[in-house]
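Protein chains in written order, with numbering that gives the first Met the number 0: chain A, 0 to 316; chain B, 0 to 301.
Every residue, glycine too, gets a C-beta built ideally from N, C-alpha and C.
Here is the structure we will look at.
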Amino acid sequence: MATSAPVWRSPANWFGPEYRNPARRREVRAAFLFLLPNVVGFLVFMVGPLLASLGFSLLDWNLLSPPDLVWLGNYLELFRDAEFWRSLRATFYYLIGSVPLGLVLSLALALALNQRIKGIRLFRTVYFIPVVSSMVAVALMWRWMYNPTSGILNYMLNEMFAFLRLPLRAPDWLQSPVWAMPAIILMSVWKGMGYNMVLFLAGLQGIPRHLYEAAEIDGASNQRQFWTITLPLLTPTTFFVLIISIIGSFQVFEQAYIMTQGGPVRSTVTTVYYIYENGFEWHKMGYASAVAWVLFALILGVTLIQWRTQERWVFYE
Amino acid sequence: MSSGTIGSGTIARPAASLSRTRVEVPSARRRLWWRNATAYVTLSLGSVLMIIPFLWMLSTSLKDDRQAYVFPPIWIPSPVAWSNYLDTWQALPFNLFFLNSALVSLVLTVAQLATCSLGAFAFARLRFPGRERLFVFYLATLMIPFQVIMIPLFVLVKEFGWIDSYWGLTVPLIFSPYGTFLLRQFFKTIPLELEDAAKIDGCSWFRIYWNIMLPLSKPAMATLGIFVFMWSWNNFLWPLLIVSSLEMKTLPLGLAYFLGQYTIYWNLLMVGATIALVPILVIFFFAQRYFIEGITLTGLKG
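Here you go:
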């Protein structure tokens with residue numbers, strides 16, 4: 000077995016013999032210059048902070064006094080921290096509430112839009128408006144909608160309940176520990192639906208039409224075509240939508256910040272909210288970094304599991 | 000089939016543009032009619048639900064203090080309190096917030112397009128040792144949530160003395176692996192022939208990038224630019240961390256601050272929300288194509 004011994008090479012030959020050619024060397028130099036701003040920024044503002052945050056998570060540090068090295072102390076504290084567990088529960092509640100609902104609704108909309116009917120552009124525009132809107136403005140808007148006495152939502156709900164003679168009253172939404180999270184979920188689904196819908200629509204239009212024509216000739220019903228052609232061939236899109244929706248849900252913050260400030264009784268303190276509180280309200284930089292890394296690990300883990308299990312249900316042509 | 004397919008590089012078109020003629024048998028036509036009718040009803044109902052919150056915002060923004068709280072709620076304010084817009088503008092320096100948002104978003108858009116396209120050109124066209132490895136490294140960082148790096152980023156910006164400044168609001172967010180990746184993928188689809196001719200003529204790499212690559216990449220640049228602009232305009236978390244003075248606030252921050260100060264003046268708050276929404280909605284209406292194409296192309300999230 001041949002092992003390559005370290006050989007000293009003059010700088011001109013660092014990159015192997017083919018780079019001895021002056022034109023190739025010019026190309027490498029050009030590449031260096033083209034990449035310089037990008038790579039410097041990447042190292043300083045991405046890779047550096049990533050490594051630093053791992054380091055920070057081993058510290059007890061309030062930014063003012065010199066940091067204390069506590070090794071895994073922050074991580075150990077995490078496990079006993081009821082507030083942290085509560086924030087994880089809130090995040091998972093949000094995830095489980097918003098992801099499937101958003102998926103089903105946006106798929107239904109995409110299916111409805113994927114017809115040869117007039118006005119598709121108009122509908123698509125309307126559904127997309129919330130997507131481009133600022134989350135802060137939209138959260139503010141919904142906070143006012145959810146207002147129990149003067150908001151339009153409860154007025155309409157109560158009118159509807161009265162009309163249907165149902166013995167129900169609309170809840171106090173953001174003032175209720177039970178209903179605050181569902182309120183945030185509802186608003187977020189409303190805001191994000193158009194985005195997933197556009198993705199699904201692209202997936203639907205990628206399904207070859209001849210498959211439907213063949214099914215039609217064989218006398219397959221619409222439902223059957225949906226279950227045996229549309230849904231299986233749409234699984235790659237569904238997989239993608241699922242992955243990004245789940246990653247997005249783990250990062251939920253702004254809605255809670257504007258609509259509830261984490262309340263009532265901390266029922267809407269999500270994990271990112273908890274990171275924010277620790278780092279920027281209580282100045283526990285080390286602890287906040289540790290929470291951030293646990294969140295990162297969770298996101299990575301869940302995404303990895305999805306990659307691993309995709310062959311069981313994702314159908315690639 | 001030509002008009003409706005999407006391959007890896009082409010742009011999705013709405014199903015409406017599928018113009019196909021086929022002979023319909025009566026039962027199939029009836030089925031189609033039903034399907035279209037259900038689709039219309041679903042889509043229209045959905046649209047109403049999409050629009051109501053915006054109408055409610057607009058309506059409230061034009062009500063005086065009494066009308067805003069009246070029960071049962073009214074949709075058409077009477078009299079129309081146009082003065083709310085003036086009052087809001089005077090309550091807080093919204094023109095400053097507006098300018099800050101515009102400045103930060105524009106700078107970020109231009110700077111990100113520049114750095115991303117330069118880097119993408121090197122990744123797509125130039126041969127240099129370690130290219131693939133570096134690129135994979137870039138791709139790996141796409142997974143990193145901003146929340147993981149925001150604390151060290153804050154400390155870094157503090158060390159640089161950039162807290163509460165335009166530097167802090169822009170520089171750390173300029174460099175984007177995502178944008179680099181997106182443009183690199185697009186550059187790869189551009190045929191090499193033109194560049195080969197330019198190379199024979201002795202053009203420098205920069206000339207090739209500037210005179211050939213960029214003009215051919217206008218759609219991709221427009222898509223990326225619009226997304227960066229939208230994302231910066233709406234960005235909240237990072238400005239929230241590093242801005243402390245009123246004068247440096249961007250619109251979303253100003254709005255959040257306004258909420259803290261005027262918690263019960265919902266008519267004025269709705270004016271603020273409208274002010275923050277209008278510019279991006281105007282851009283959206285004019286550049287819709289690029290928004291939709293960008294998403295179908297890449298799954299880019301704002």
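Check                                                                                                                      : Outcome
Contact between the region 259-273 of chain A and the region 184-201 of chain A (3+ Cβ pairs under 8 Å)                    : no
Neighbour flag for Q174 of chain A against chain B, beta carbons, 8 Å                                                      : no
Interface flag, V27 of chain A vs chain B, CB-CB below 8 Å                                                                 : yes
Environment of N20 of chain A [buried if 16+ CB atoms lie within 10 Å]                                                     : exposed
Proximity test, Cβ basis, 8 Å: M220 of chain B and chain A                                                                 : no
CA nearest to the CA of G293 of chain B, picked from B:N233, B:G178, B:L267, B:M212                                        : B:G178
Nearest-angstrom Cα separation, counted from A36 of chain B out to V301 of chain A                                         : 40 Å
Touch test, the region 271-281 of chain B against the region 210-227 of chain B, Cβ-Cβ under 8 Å, three pairs minimum      : no
Beta-bridge pairing of D171 of chain A - partner residues as DSSP gives them                                               : According to DSSP, which records beta bridges pairwise, D171 of chain A is partnered with nothing at all.
From A:L71, A:W292, A:L106, A:V251, residue whose alpha carbon lies closest to that of I184 of chain A                     : A:V251
Same chain, Cβ closer than 6 Å to N277 of chain A, five either side skipped, listed in chain order                         : K283, Y286, A287
Bridge partners - L68 of chain A, DSSP secondary structure assignment                                                      : A:L58
Nearest-angstrom Cα separation, counted from Y208 of chain B out to Q184 of chain B                                        : 15 Å
Unbroken alpha helix (DSSP H) run spanning T259 of chain A, endpoints                                                      : Segment: none, T259 of chain A is in no alpha helix (DSSP H) and carries neither H nor E.
Below-8 Å beta-carbon distance, V125 of chain A vs any chain B residue                                                     : yes
Below-8 Å beta-carbon distance, R19 of chain A vs any chain B residue                                                      : no
L77 of chain A and V290 of chain A closer than 8 Å at C-beta                                                               : yes
Within-8 Å CB hit, N44 of chain A to chain B                                                                               : According to the sequence shown, residue 44 of chain A is Phe rather than Asn. So, interface residue.
Span separating the alpha-carbon of S175 of chain B from that of L233 of chain A                                           : 30 Å
Spatial neighbours of L172 of chain B in its chain, beta-carbon cut-off 7 Å, leaving aside the 5 residues before and after : L107, W237
Cβ shell of M0 of chain A (< 6 Å), same chain only, five flanking positions each side left out                             : Only weak support exists for where M0 of chain A lies, its pLDDT of 44 falling under 50; the value from the coordinates is given anyway. Cβ neighbours of M0 of chain A beyond the five flanking positions: none.
Candidates A:L210, A:L112, A:F44: closest to A39 of chain B by CA position                                                 : According to the sequence as given, residue 39 of chain B is Tyr; it is not Ala. Of A:L210, A:L112, A:F44, the residue nearest in Cα terms is A:L112.
Minimum Cβ-Cβ distance from V301 of chain A to chain B less than 8 Å                                                       : no
6 Å Cβ shell around L303 of chain A - same chain, five flanking residues per side excluded                                 : none
Residue-level contact to chain A via CB, G308 of chain B, 8 Å cutoff                                                       : Lying outside 0 to 301, the shown extent of chain B, residue 308 of chain B is not represented and no answer is given.
Chain A contacts from the region 138-157 of chain B (Cβ-Cβ distance under 9 Å)                                             : T140, M142, I143, P144, F145, Q146, V147, I148, M149, I150, P151, L152, F153, V154, L155, K157
Where L49 of chain A meets chain B, residues with beta-carbon distance less than 7 Å                                       : I143, V147, I148
Which of helix, strand or coil DSSP assigns to F226 of chain B                                                             : helix
Local Cβ density within 10 Å of R123 of chain A, reported as buried at 16 or more and exposed below that                   : buried
Contact set between M140 of chain A and chain B, taken where Cβ atoms lie within less than 8 Å                             : P52, F53, W55, M56, M269, A272
Simplified DSSP assignment, three categories, for A14 of chain B                                                           : Summary for A14 of chain B: the model assigns pLDDT 45, below 50, so the residue's position carries little reliability, and this model does not support an answer.
Within chain B, partners of I116 of chain A - CB distance below 7 Å                                                        : N35, A38, Y39
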